[in-house]
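Q: Before anything else, here's the structure in question.
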Amino acid sequence: MFMRRFLVDLALLKKQFQVPALQTYLSRANLNMVGPTITYYTLLSLVPVLMSVGAIAGLVGINAQELNTMLREQLPKNIMSILGPIITSVLSGGVGILSFSIVITIWGASSVLAVIRKAFNAVHDVPERVSGMLTRVFSFLWLMVILLTAGVLMGASAMMPAIIAALPFDMPWLDTLAKQSWLFALFGLWVLMCVFNFALPAKRLPWKALVAGSGIEVLLLLALNAGFSFYAQFAVKSVGFYQSLGSLLVLMVYLNLVGTIMVVAQILIAWFADLFAAHGTRYAYVPEQAKGVAAKRRSPVSQRQITKHQPRSRR
């Protein structure tokens, strides 16, 4: 009897928390392959991606040294030891933001977004309604939007101390807030992830699920950045060719984990959308004793008509 009651309660919990839907999204995501695939295309487009970020940073008045400083505050030390010299070398050529070369560069970097878009659409079971070339064009346009958003956030973060210092009144808590660069970086990363998760999938997602899933994604990325240096120190210690290929191995593992976190966040967004939709369409049962006199006297025909027009709960 106890076991039967336990199984009934477990089935109710699974139905309430949309566990079958979560299992479906996990099976669609194919997490074993999506991380290595994103890593492969990211490595192929690493230089174009860094050139695109550097060009947008130059547009808002941030040079290579300041960009390295900002990234060093957010990324693990062993990752910045790899990316730092590449950023300095790539940006030393002074690529213009309006030049034809930067357009070609962003086009090359958009291949990564095309791969991520396909992974996101697979989670939502949404087929591509356009050809591969149009998918690449859309990825190119959305990459420009994401880069411009990142540029606006970097510019706002850089100008915030000057704006607060120019205020006619003195508020000490504002000065303290302006010095907390990590807080602006955290907010900027959350906004950037919201734009990223909204732009890429072919399916338009509800904003509540999008905001919640993007917030969890930011927390997972922060946890990854905090613990990756410790992980990499022990993960590659037993590799005999660490001195020659260890840096590439560390970068590949990091990109693999970042790609997996992006897809996991999309799974959570789809799951949250189902949870919020089920919660919004659920109607509580009203006992007969609690109904009014008019409801009790209503004929069975009118009762059936009312029931017919009521929305059904989503299963």
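Under my numbering, the first residue of the sequence shown carries the number 845, and numbering increases by one thereafter. Yeah, the Cβ is synthetic: ideal placement off N, Cα and C, and Gly gets one too.
If you draw a straight line from the C-alpha of residue 862 to the C-alpha of residue 1043, how long is it?
A: Cα to Cα, residue 862 sits roughly 25 angstroms from residue 1043.
Q: Considering residue 862, what are the terminal residues of the alpha helix (DSSP H) in which it resides?
A: No alpha helix (DSSP H) contains residue 862, which DSSP labels as neither H nor E.
Q: From what residue to what residue does the alpha helix (DSSP H) around residue 878 run?
A: First-last of the alpha helix (DSSP H) with residue 878: 875 to 888.
Q: Taking the C-alpha atoms as reference points, what is the distance between residue 954 and residue 984?
A: Their backbone Cα atoms lie some 5 angstroms apart in a straight line.
Q: Report back the beta-carbon spacing between residue 1113 and residue 1054 to the nearest angstrom; my notes put them in contact at under 8 angstroms.
A: That belief holds up - the Cβ atoms of residue 1113 and residue 1054 are roughly 6 angstroms apart, short of 8 angstroms.
Q: Note the first and the last residue of the continuous alpha helix (DSSP H) segment covering residue 907.
A: Per DSSP, residue 907 belongs to no alpha helix (DSSP H) and is neither H nor E.
Q: Look at the alpha carbon of residue 896 and the alpha carbon of residue 867, and state the distance between them as a whole number of angstroms.
A: Using only the alpha carbons, I get a separation of about 37 angstroms.
Q: Taking three-plus beta-carbon pairs below 8 angstroms as touching, is the segment 1044 to 1064 in contact with the segment 1116 to 1123?
A: The answer is yes - the segment 1116 to 1123 touches the segment 1044 to 1064, with three or more Cβ pairs under 8 angstroms.
Q: Cα-Cα, which of 1049, 1103, 1041 and 956 is closest to residue 1068?
A: Among 1049, 1103, 1041 and 956, the Cα nearest to that of residue 1068 belongs to 1103.
Q: Taking DSSP as the reference, what is the three-state secondary structure of residue 892?
A: The answer is helix: DSSP assigns residue 892 an H, G or I state.
Q: Less than 8 angstroms between the beta carbons of residue 1049 and residue 993, yes or no?
A: No, these two residues do not count as a Cβ contact at 8 angstroms.
Q: Between 990, 972, 1029 and 1065, which has its C-alpha nearest residue 893's C-alpha?
A: When each option's Cα is compared against that of residue 893, the closest is 990.
Q: Quick one: residues in its chain with C-beta nearer than 7 angstroms to the C-beta of residue 931, no 5 flanking neighbours on either side, listed in chain order?
A: Around residue 931: 894, 898, 908, 911 and 912.
Q: Grouping DSSP H, G and I as helix and E and B as strand, with all else coil, what is residue 1070?
A: It is helical.
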